[in-house]
Amino acid sequence: MTDTTTSDGAPSIETVADRVLRQLAGDGASLRDGQLQALQALTGPGARALVVQATGWGKSAVYWITTSWLRSNGRGPTLVVSPLLSLMRDQVAAAARAGLRAATVNSSNLGQWGEIERALLADEIDVLLVSPERLANPGFGARVLDTLTGHLGLVVIDEAHSVSDWGHDFRPDYRRVADVLRRLNPSAPVLATTATANARVVDDLARQLGEETLVLRGPLARSSLHLAVVPPLAPLERYAWVVDHLAQLPGSGIIYTLTVADAGRLTQALQQHFGDDPQLQVAAYTGALDGAERERLEDALRDNRVKALVATSALGMGYDKPDLGFVVHVGSPPSPVSYYQQVGRAGRAIDRALVALLPSAADDGVWDYFATATIPRRDQVEKVLALLREASEPMSVPAIEAESGVRRTRAELMLKQLAVDGAVERRTEGWLSTGEPWTYDQAHYDAVVAVRRREADIMRRYVEGSGCLMQLLGESLDDPEAAPCGRCSVCRGGLPEPLVSAPSPQTVAEVRGVLRQEQHVLDPRKMWPGGAFGARGRIPAGLMAEPGRVLVHADAAEWGELRDGPLRSDGEPPEDLLQAAVQCLAGWKAHWAERPSMVMALPAAGHPVLTAGVARHLSQVGRLEYAEWPVQAAPGIDLTSSDEAAGWRSCLEEHPPPASSGQVVLLVIDSSSSGWVTTVAAATLRQAGAVRVLPLLVHRNL
1 MTDTTTSDGA PSIETVADRV LRQLAGDGAS LRDGQLQALQ ALTGPGARAL VVQATGWGKS
61 AVYWITTSWL RSNGRGPTLV VSPLLSLMRD QVAAAARAGL RAATVNSSNL GQWGEIERAL
121 LADEIDVLLV SPERLANPGF GARVLDTLTG HLGLVVIDEA HSVSDWGHDF RPDYRRVADV
181 LRRLNPSAPV LATTATANAR VVDDLARQLG EETLVLRGPL ARSSLHLAVV PPLAPLERYA
241 WVVDHLAQLP GSGIIYTLTV ADAGRLTQAL QQHFGDDPQL QVAAYTGALD GAERERLEDA
301 LRDNRVKALV ATSALGMGYD KPDLGFVVHV GSPPSPVSYY QQVGRAGRAI DRALVALLPS
361 AADDGVWDYF ATATIPRRDQ VEKVLALLRE ASEPMSVPAI EAESGVRRTR AELMLKQLAV
421 DGAVERRTEG WLSTGEPWTY DQAHYDAVVA VRRREADIMR RYVEGSGCLM QLLGESLDDP
481 EAAPCGRCSV CRGGLPEPLV SAPSPQTVAE VRGVLRQEQH VLDPRKMWPG GAFGARGRIP
541 AGLMAEPGRV LVHADAAEWG ELRDGPLRSD GEPPEDLLQA AVQCLAGWKA HWAERPSMVM
601 ALPAAGHPVL TAGVARHLSQ VGRLEYAEWP VQAAPGIDLT SSDEAAGWRS CLEEHPPPAS
661 SGQVVLLVID SSSSGWVTTV AAATLRQAGA VRVLPLLVHR NL
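Here it is as structure tokens:
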């Protein structure tokens, strides 16, 4: 590029781009198609640009160059709204290479917030990176955002598909970006970037950013990706397939699972099989980990100190390892857009990366869940709004959960959506109603669900291999250049080496045995629900259950035949379940304050034969007194916490327990999702004189 300056003597955007590119990528680096157009657009006041380009195109280079140009022209710092801590860390490092002073404010660096705020006031920071959730924090708004008022140079919305509820990773707090723009500096240019947006999402984003938004789209196909679909396997067989193939997969990579539970189970199976082999170490990576542990694992994968991370979608957007050799999906994501985003982690700086999808018929249930997971239910919204309108002071999320019966994760998402619409607001001490009217937009929500189900249908076509896999992904993203790739398992007529279609029976048996040894803790509830139950606040220690155990957690793959048999229609427990129950007690007894003296069967979900069979076996093996607590009228399903707890109290009053005074009771319950039957039954037994209650739940469903 020619070294030029503007009429007022400041360096031109082209000159700054030349310098920053050399710092980022070395001598000889040049702008890619479309980058200069984006840069030139962002030099104007109030400019709006939406860049949709494949991973590795250089979207971040656009905002580093723009920031450098703005700072050289005396403008304020850049605010980057970024969705993940891992992405923020990579961006801070990249900004430093570009010669910029960057800082991040997030939950993992609370001790640095004061220094960062001081540096902002002194104009010593060029780039501030925050999560969308941080924008919703009232303390952050009062301290940090006020510092930027009238002084903001550029706003970057990274992974901008999250702004749109048509996108695959909708996060309501992203909607606050528009509020921030109006509050801080409406004339600041705005850049939104993503690699995964179809035409509907692009149109929605452009509408939100403004009518004059410049949209820049490029081809999304990646020549380094070799896509493959393995013929459908049972859930347990998929675990075994990964065990059989891990050593043959190229380099290091990511193994994605659909749920946190699957990530933990598969990691356990792999670690048990490969032991201390330094070349085949794996670790689980989920949103449940704290920031420091995520950082440690990201670095371990980046430095090839682990063969793979077994991850949920928490590891995806923005994670940068250019030589990632493979991505395996144990279960198909519900959207081709989210699938493309995740496989795009691989093969960014190497010629060939292997991408394999392991589908199962069980995926349909997960897809159905994701289709509606972020859609607020009318009855629940009305219940929460009524609760907040009647409250005399702000309410915490746990209190809202207890009073309304809406589970905490769903309540938090619902509150964020209501806050964006202005119906509620968050204070430091909790949530409260604003009094503003709110209308449930049924037609819009129905349309969102319909789109998500159509995307699930596209993934079914992908699994069936009805055409080129890369072309199908490109078409789902409305890529005008989508075409057959010639590399995928459909184009090549079969799986590439070293992939085979099925695991060995020996590995399947090994994995089943490993997973059945896992101990699942059943934490006791600590608060009464209030509402219809009447009592609220902390459950007295003298009425509380002890920490219990779960034999079969949710949809555990290692117990598929049990869920399809005795847990569906009742029946005698199989021998391997009885063995697992005995092994569970053997591992549990080290945590008992006192050994059980009685085992009691409570068929809460209507499986008396199964429940009694497990309890009788444990009474014989452990030489414990045996008793049955028959229940003939349990509460219905889909109740609020207070209604369900009240229903169980009435039911158990009508069917009182066998005598248990002075006993330490091992309480065997067939199935529950909420845990209220365990809580109320334990309180009933304690009131009747039981010394302790140790719950053993055969199946915890979700």
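Residue 167 in full-length UniProt numbering sits at position 167 of the sequence shown, with consecutive numbering throughout. Glycine included, each C-beta is placed from N, C-alpha and C at the ideal position.
Residue burial classification, residue i (beta-carbon count within 10 angstroms, cutoff 16)
i: V521; result: exposed
i: H161; result: buried
i: V511; result: buried
i: T286; result: buried
i: E298; result: buried
i: V500; result: exposed
i: D303; result: exposed
i: G405; result: buried
i: S489; result: buried
i: R700; result: buried
i: D27; result: exposed
i: P398; result: exposed
i: Y369; result: exposed
i: V693; result: buried
i: D3; result: Confidence in D3 is poor, its pLDDT being 49 and thus under 50, which makes the residue's placement unreliable; the coordinate value appears in the next sentence. Exposed, because fewer than 16 other Cβ atoms sit within 10 Å of the Cβ of D3.
i: G689; result: exposed
i: R408; result: exposed
i: H553; result: buried
i: Q35; result: buried
i: H226; result: buried
i: P656; result: exposed
i: D379; result: exposed
Run of the alpha helix (DSSP H) containing residue i, from where it starts to where it stops
i: S332; result: That residue, S332, is in no alpha helix (DSSP H); it is neither H nor E in DSSP.
i: V449; result: 442-464
i: T104; result: Here T104 belongs to no alpha helix (DSSP H); instead the beta strand (DSSP E) covers 102-105.
i: Y369; result: 363-372
i: T684; result: 676-687
i: L472; result: 469-476
i: R22; result: 13-25
i: A646; result: 641-654
Residue range of the unbroken beta strand (DSSP E) whose run includes residue i
i: M600; result: 598-602
i: R538; result: 536-538
i: D564; result: Here D564 belongs to no beta strand (DSSP E), and DSSP marks it neither H nor E.
i: G253; result: 253-257
i: V163; result: Taken as a continuous stretch (DSSP letters only), V163 belongs to no beta strand (DSSP E), as it is neither H nor E.
i: residue 763; result: In the structure displayed, the chain extends from 1 to 702; residue 763 sits before or after that span and is not available.
i: P695; result: 692-700
i: Y239; result: Taken as a continuous stretch (DSSP letters only), Y239 belongs to no beta strand (DSSP E), being part of the alpha helix (DSSP H) at 235-245.
i: H273; result: Element bounds for H273: not the beta strand (DSSP E) but the alpha helix (DSSP H), 260-274.
Anticipated Cβ contact below 8 angstroms, residue i with residue j, distance rounded
i: L214; j: R48; result: 7 angstroms
i: S476; j: P336; result: 4 angstroms
i: A604; j: I669; result: 5 angstroms
i: V366; j: L258; result: 5 angstroms
i: Q40; j: S60; result: Contact doesn't hold; Cβ gap of about 18 angstroms is too wide.
i: G353; j: G344; result: Inspection of the sequence shows that residue 353 is occupied by Ala rather than by Gly. Rounded, the Cβ-Cβ distance is 10 angstroms, inconsistent with contact.
i: V355; j: T312; result: Actually they are not in contact, since the Cβ atoms of V355 and T312 sit about 18 angstroms apart, beyond 8 angstroms.
i: R222; j: A54; result: 6 angstroms
i: T374; j: V310; result: Going by Cβ atoms, the distance from T374 to V310 rounds to 25 angstroms, so no, they are not a contact pair.
i: I157; j: V105; result: Contact doesn't hold; Cβ gap of about 17 angstroms is too wide.
i: A228; j: P496; result: 6 angstroms
Interface flag, residue i vs chain D, CB-CB below 8 angstroms
i: E475; result: Included in the structure is just one protein chain, with no chain D present.
Contact between the segment 639-647 and the segment 515-530 (3+ Cβ pairs under 8 angstroms): Under the three-pair Cβ rule at 8 angstroms, the segment 639-647 counts as touching the segment 515-530.
Contained beta strand (DSSP E) runs [length at least 3] in the segment 400-433, N- to C-terminal order: Entirely contained in the segment 400-433, the beta strand (DSSP E) runs reaching 3 residues are, in chain order, 424-427, 430-433.
Those runs of the alpha helix (DSSP H) which lie wholly inside the segment 601-635 and span at least 4 residues: Qualifying alpha helix (DSSP H) stretches, in chain order: 608-622.
Given 8 angstroms, three or more beta-carbon pairs between the segment 232-250 and the segment 349-364: Three or more beta-carbon pairs separated by less than 8 angstroms link the segment 232-250 to the segment 349-364, which places the two stretches in contact.
Alpha helix (DSSP H) runs wholly inside the segment 482-553, at least 4 long, in chain order: List check, alpha helix (DSSP H) in window: 505-515.
Complete runs of the alpha helix (DSSP H) confined to the segment 294-325 [at least 4 residues]: With a minimum length of 4 residues, no continuous alpha helix (DSSP H) run stays inside the segment 294-325.
Cβ contact check for the segment 326-340 and the segment 245-260: 3 or more pairs under 8 angstroms: They touch, by the three-pair rule.
contact_flag[the segment 138-155, the segment 186-196] where n(CB pairs < 8 angstroms) is 3 or more: Segment contact: the segment 138-155 against the segment 186-196, three or more CB-CB distances shorter than 8 angstroms; contact assigned.
Three CB pairs or more closer than 8 angstroms across the segment 552-570 and the segment 605-621: Judged by Cβ distances under 8 angstroms, the segment 552-570 makes contact with the segment 605-621, as three or more pairs qualify.
At least 3 beta-carbon pairs within less than 8 angstroms: the segment 13-21 vs the segment 75-85: Short answer: they don't touch.
Three-pair Cβ contact test at 8 angstroms for the segment 663-681 versus the segment 578-598: Taking a contact to require three or more Cβ pairs closer than 8 angstroms, the segment 663-681 and the segment 578-598 qualify as touching.
Alpha helix (DSSP H) segments (min. 4 residues) lying fully within the segment 57-115: The segment 57-115 contains, as complete alpha helix (DSSP H) runs of 4+ residues, the segments 59-72, 85-97 (chain order).
Cβ contact (3+ pairs, closer than 8 angstroms) linking the segment 413-423 and the segment 382-398: By the C-beta criterion, the segment 413-423 is judged to be in contact with the segment 382-398, since at least 3 inter-stretch pairs fall below 8 angstroms.
Three CB pairs or more closer than 8 angstroms across the segment 647-664 and the segment 612-621: No, they do not touch.
Ordered list of beta strand (DSSP E) runs contained in the segment 172-221, each at least 3 residues: If only uninterrupted beta strand (DSSP E) runs of at least 3 residues are considered, those enclosed by the segment 172-221 are 190-194, 214-217.
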